[in-house]
Amino acid sequence: MAVKSITESIRSVGAWVGIPIHVWIVAEQDGVTLVDTGMSFMARSILKEIDRLNAGPLRRIVLTHGHADHVGGLKSVLRERDVPVYMHAAEIPYAEGDLAYPGKDRAHAHVEKGILRPLSAVEGRDGRAERIGSLTPYFTPGHSPGHVVYFHEKDRVLLAGDLFNSKKGRLAQARFTPDPDLALRSANILRRLDPERMEVCHGDTVFRPAGQLADLEAEVRQTREAEARMQALKEKKKKGRRG
Ligand SMILES: [Zn+2]
Ligand SMILES: [Zn+2]
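Residue numbers are given in my numbering: position 68 of the sequence shown equals residue 68, and the series is strictly consecutive.
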């Protein structure tokens with residue numbers, strides 16, 4: 001398990017399963033906040049790293065969304081530490097298996113009922129939820145219906161879950177994203193917050209990610225146009241055969 005120091009108060013714990021998977025440990029005034037829990041086999045290393053950080057006990061777990069690779073370690077962590085777990089209210093029915101995630105045929109319970117608490121929304125503020133520890137959650141749907149990112153204002157670090165993937169410091173669209181247009185609109189959060197660095201679950205650090213957003217948007221647009229041209233060509237051929 002790879003442990004990386006992001007800033008003095010933020011560390012990432014990473015594993016490799018063909019793709020990288022990261023969770024983040026944040027030192028707080030009152031102890032530690034864990035952001036996402038990775039897969040079940042990561043739980044032991046996560047707990048060990050929280051102890052090593054020497055910043056006090058684990059106080060809370062906050063989740064970016066409910067996909068299995070982000071909540072897989074939850075059960076094992078909770079077995080050792082009794083702490084509250086937060087997620088966006090819009091994501092909870094999908095994570096608990098009451099609704100099927102968009103693009104999936106069947107609902108699947110990734111988290112037992114009665115564990116997840118909704119993040120409290122801030123009235124009248126576009127997508128911002130109440131600060132929790134040193135992190136401010138922002139609603140960023142698209143990859144999943146209730147995806148959120150967590151902004152550490154003091155260190156200007158965005159813990160972005162699966163809002164993006166990244167490779168060699170470059171932004172990339174997140175894989176398995178059923179609503180890429182919505183995800184791209186949510187990505188405007190980069191312009192709003194202009195973080196110094198962004199950490200994603202599946203990828204490496206992206207510095208000043210807002211500066212890369214226009215390139216990514218253009219790339220997505222080009223791919224979309226190319227796909228539309230291919231589709232038109234196929235239709236034409238089909239018609240030609242019929243005629
Ligand atoms: Zn995901
Ligand atoms: Zn993921």
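From the three backbone atoms N, C-alpha and C, an ideal C-beta is built for every residue, glycine too.
Nearest neighbour of serine 120 by Cα position, chosen from Glu130, Ala210, Pro84, turns out to be Glu130. Across the set Phe139, Leu158, Gln29, the C-alpha of Phe139 shows the shortest separation from the C-alpha of arginine 185. Residues Leu190, Arg191, Asp194 of the same chain have their beta carbon placed closer than 6 Å to that of alanine 210, with the five preceding and five following residues left out of the count. Taking the C-beta atoms as reference points, arginine 59 is found no nearer than 9 Å to glutamate 80. Under the criterion of beta carbons closer than 8 Å, arginine 197 and valine 157 qualify as touching, at roughly 5 Å. Looking at the DSSP output, tyrosine 101 sits in no beta bridge, so it has no partner there. Secondary structure at glutamate 153: coil, using DSSP grouped into helix, strand and coil. Not a single heavy atom of ligand 1 lies less than 8 Å from the C-beta of aspartate 51. Here the C-alpha atom of glycine 240 lies approximately 36 Å from the C-alpha atom of leucine 182. With a threshold of 8 Å, the Cβ atom of serine 9 does not count as near ligand 1, since no heavy atom of the ligand is closer than that.
Valine 35 is classed as buried because its beta carbon has at least 16 other beta carbons within 10 Å across all chains shown. Rounded to whole angstroms, proline 118 and tyrosine 86 show a C-alpha spacing of 6 Å.
Taking the CA atoms as reference points, alanine 218 sits about 10 Å from glutamate 225.
Ligand 2 never approaches glycine 18 closely enough for any of its heavy atoms to be under 8 Å from the residue's Cβ.
Within the same chain, Thr136, Leu158, Leu193 come within 6 Å of phenylalanine 151 by CB-CB distance, once the 5 residues on both sides are set aside. Under the three-state reduction of DSSP output, leucine 63 falls in the coil class, being neither helix nor strand. Tryptophan 24 and methionine 42 have their alpha carbons spaced roughly 12 Å apart. These are the residues, in chain order, with a beta carbon less than 6 Å from any non-hydrogen atom of ligand 2: His67, Asp69, His70, Asp162, Cys201, His202. Annotated three-state conformation of glycine 18 is coil, per DSSP. Within the DSSP bridge table, the entry for threonine 33 names Val26, Arg60 as partners. The stretch 164-183 makes no contact with the stretch 227-238; the number of CB pairs closer than 8 Å stays below 3.
When Pro145, Gly146, Val200 are compared, the shortest CA-CA separation from lysine 167 is found for Val200.
In the three-state reduction of the DSSP assignment, phenylalanine 176 falls in the coil class, being assigned neither a helical nor a strand state.
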